[in-house]
Amino acid sequence: VWAFSNRQDWDEGLDPETRAEVHDKLTRFMRGRWFEPPFGGEIFTRLLLGAFDAMAALPAGPRLLPDVQPLDLFVTVTDFNGHPEILRLNSPPEIVETEHRLTFAFRDAPGEPGTIGDVPDLVFAARATASFPGAFPPFGVAELDRVLAADGRDWPGRDAFLGRVLPGHAEDAVLIDGSVLANAPFRPAIDALKNRPARREVDRRFVYIDPKPGIRSVKVNRGGDAELPGFFTTVFGALSDIPREQPIRDNLEAIEGRSARIRRMRRIIEALRPEVEASVAKLFGRTFFLDRPTSSRIAAWRARAVERAARDAGHSYSAYRQLRLTAIGKAASGASWKDAMRDPDAFLAARDLNYRIRRLRFVARRLATIAEGDPAARLDGVRDAVYRQLARFLELEVHPDPAADLPALDAETDAAIAAALDACDRPDRRAPLLAYVGFPFYDVATLALLQGEGFDEFDAIKIDRISPEEAQSIRGGGAAATLKGIQFNSFGAFFSRAYRENDYLWGRLHGAERLIDILVSTLPAPAALAPGVVAAAKTAVFEAILAEEAPRLSQSAALIARIREEMASAAGKAGASGLD
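Right, here's the structure in full:
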């Protein structure tokens, strides 16, 4: 605001209908007390509590996630004073560093009653993460205590929550906006992937929202023709924009790196396939594909394949065995570990749950590859059996003793696979049978590639961004052409309700368009929608949003009318050109 106050044309970009409102509020702001936050902390806290009350008063709809999938929420917060963290070194043995980054985690676990968190807990996180330095006063638990006490509200889970998110210094912690150091908590979201096991064929997407890509939150114009950034530009960039933007790039690169490793592993598997299939065929002889698959035969074939894979691997099998033992040993009891030392192969055969999960995921990936190359192959029954049994094994991951039911579940799985294969035409049995029985050969060669990933799937993760730059069906130009809040260093919406309504409405329209684009991108390569289908779907969604919001947005009648005019114009141009 200080930067704009010295410009004669500071209001040049304002809409005529909002110029008076913005001018009045900005003038009052400039005449207010300097060097104090202009927005009240306790007022903001009460607004948040009121928002939760309003949501609680409305009827709750059905849970939108599948029953087996949890909902995780990660909120970044900056601990202004910091808290000590011990780091282990060679010399000296340990040092104490100050850590300022915090992440508050909430979870709505499937099957558990309640919500993702108690209202005071969520208000605490929301108020802390929104404390933009200078705009709002820093947040501390005492503020929330005062507001709750004044309103006669209880916080029964206070001590448990504070002990979890701020152990040891909750009462004295001073918290500000989490985006000061990490604008998007991508790392916790990446780590949460291991808790999202696929029980059926999936298209993995990591979707993030960037409402104003390329537009800095704090921007001060340079004076004259200076080639280097000036004093305020340098200070604001170093303290605000650069720290909050860099982690996003780092984490996106981490996701792409993981996907690249998965793609590399799949290429290795494809290169191994001819040799492995030849080894399996030689091991079982010419009658292998002629014999009717039964549970007992498949169990015997699997056992022989494990023995041959171990023998063919030579000395490298010892390293492979140790990898599997180490993975189990982290959760094994002392007695179990003694069993492993006496007969490691028998121990793995009886207790390695992850091996079973990898095997079924591998077969599922092979079935997907077959379907891509040969749509006529009738393997739906095998696919259903694989994912049904995979779900059974995944359920054991949270069992107190995951290996307790493995022998019985192995027999059940062999029987299910045998029945599904028996129902297939004989030529169609070959590939899934080779994948299921021959898996030990592949696992020996590829297990080390994904160690430490915490991710046993064979599908890469695709990254999609939701932003105005990719949503231009109604109006081109991206954020600069549609959003009003980006003015005044991204504080423009604080000075006008019309601006807030504008950005809220465009946010819904942009988000809906990008979600349709993402859904369409999941279609397999050969598939194509009829001309006009996507455009018609977007138009229908846009109209539904406008109809729903028109009665609510009291300052946006003219905006909604303009958007409808632009939609009609865009539809006419698309129809004339034959484009979808």
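Heads up: the sequence shown begins at 1 in our numbering, then just goes up one per residue.
All C-beta atoms in this analysis are idealised placements derived from N, C-alpha and C, irrespective of residue type, glycine included.
Remember, predicted model here, so these are calculated numbers, not experimental data.
Within this structure, are the beta carbons of residue i and residue j separated by less than 9 Å?
i                 : j                : result
leucine 360       : leucine 409      : no
phenylalanine 494 : phenylalanine 39 : yes
phenylalanine 74  : threonine 45     : no
isoleucine 463    : valine 202       : no
proline 213       : glycine 507      : no
serine 556        : glutamate 469    : no
isoleucine 474    : leucine 509      : yes
valine 119        : leucine 64       : no
leucine 515       : isoleucine 466   : yes
leucine 101       : proline 70       : As written in the sequence, residue 101 is arginine, which differs from the leucine given in the question. Not a contact, by the Cβ cut-off of 9 Å.
alanine 350       : alanine 411      : no
threonine 115     : lysine 484       : no
arginine 204      : alanine 254      : no
glutamate 302     : aspartate 405    : Checking the sequence shown, residue 302 turns out to be arginine, not glutamate. The answer is no: Cβ separation not under 9 Å.
aspartate 72      : alanine 105      : yes
phenylalanine 80  : leucine 175      : yes
glycine 268       : leucine 449      : First, the amino acid is wrong: residue 268 is isoleucine here, not glycine. Yes.
glycine 82        : threonine 98     : yes
aspartate 503     : proline 66       : no
proline 344       : arginine 321     : yes
glutamate 372     : proline 524      : yes
isoleucine 417    : proline 440      : no
glycine 257       : glutamate 143    : no
Express the C-alpha separation of residue j and residue i in angstroms, rounding to a whole number.
i                 : j              : result
alanine 570       : valine 147     : 50 Å
alanine 597       : leucine 529    : Outside the shown range of the chain, which is 1 to 580, sits residue 597, and nothing can be said about it.
glycine 61        : aspartate 422  : 43 Å
phenylalanine 136 : histidine 169  : 22 Å
alanine 568       : alanine 480    : 22 Å
threonine 522     : alanine 512    : 16 Å
alanine 161       : arginine 564   : Rather than alanine, the amino acid found at residue 161 in this sequence is phenylalanine. Computed Cα separation, rounded: 47 Å.
isoleucine 43     : arginine 388   : 52 Å
tryptophan 155    : arginine 324   : 46 Å
tryptophan 2      : arginine 497   : With a pLDDT of only 46 at tryptophan 2, under 50, the local geometry of the prediction cannot be trusted, and no value is derived from it.
phenylalanine 124 : alanine 260    : 39 Å
alanine 281       : proline 427    : 15 Å
proline 531       : alanine 300    : 53 Å
glycine 134       : arginine 196   : 39 Å
glutamate 249     : aspartate 172  : Correcting the residue identity first, residue 249 is arginine in this sequence and not glutamate. Distance between the alpha carbons of arginine 249 and aspartate 172: 33 Å.
phenylalanine 132 : isoleucine 190 : 26 Å
alanine 527       : aspartate 517  : 15 Å
aspartate 291     : glycine 438    : 17 Å
leucine 58        : isoleucine 215 : 37 Å
proline 92        : isoleucine 86  : 12 Å
glycine 157       : leucine 122    : 12 Å
proline 84        : leucine 166    : 12 Å
alanine 238       : glutamate 94   : Note that alanine 238 scores 47 on pLDDT, short of 50, meaning its location in the model is unreliable and no value can be drawn from it.
alanine 20        : glutamine 472  : 30 Å
alanine 561       : lysine 538     : 17 Å
proline 274       : valine 96      : 55 Å
glycine 572       : valine 541     : 18 Å
histidine 399     : glycine 476    : 53 Å
threonine 326     : glutamate 270  : 27 Å
glutamate 566     : glycine 492    : 24 Å
arginine 430      : arginine 342   : 37 Å
serine 554        : tyrosine 499   : 12 Å
serine 279        : leucine 193    : 35 Å
State the beta-bridge partners of residue i as determined by DSSP.
i            : result
alanine 105  : Phe74
arginine 98  : Checking the sequence, you will find threonine at residue 98 rather than arginine. Per DSSP, Pro84.
proline 133  : Phe136
lysine 212   : Bridge partners of lysine 212: none, in fact.
aspartate 79 : Leu175
valine 207   : Asp464
Just to check my reading of the structure: residue i and residue j have Cβ atoms closer than 8 Å, yes? What is that Cβ distance to the nearest angstrom?
i            : j            : result
leucine 396  : leucine 348  : Contact doesn't hold; Cβ gap of about 16 Å is too wide.
arginine 633 : leucine 283  : The question about residue 633 has no answer, for the chain in this structure spans 1 to 580.
tyrosine 436 : valine 363   : 5 Å
arginine 263 : alanine 460  : 5 Å
arginine 356 : cysteine 424 : Actually they do not touch by this definition, with Cβ atoms about 22 Å apart.
leucine 505  : leucine 434  : That belief does not hold up - the Cβ atoms of leucine 505 and leucine 434 are roughly 55 Å apart, past 8 Å.
Nearest chain B C-beta to residue i closer than 9 Å, yes or no?
i            : result
arginine 266 : Absent here is chain B; the protein component of the structure consists of one chain.
**Request:** Count the C-beta pairs between the segment 306-316 and the segment 431-444 that are closer than 8 Å, then say yes if the count reaches three, no if not.
**Result:** Touching, yes.
**Prompt:** Are the segment 169-179 and the segment 76-88 touching, with three or more C-beta to C-beta distances below 8 Å?
**Reply:** By the C-beta criterion, the segment 169-179 is judged to be in contact with the segment 76-88, since at least 3 inter-stretch pairs fall below 8 Å.
**Prompt:** Does the segment 376-384 come within contact of the segment 348-368, defined as at least 3 CB pairs closer than 8 Å?
**Reply:** These segments touch.
**Prompt:** Below 8 Å, can you find three or more Cβ-Cβ pairs linking the segment 310-325 to the segment 283-301?
**Reply:** Flag = no, the segment 310-325 and the segment 283-301 do not touch.
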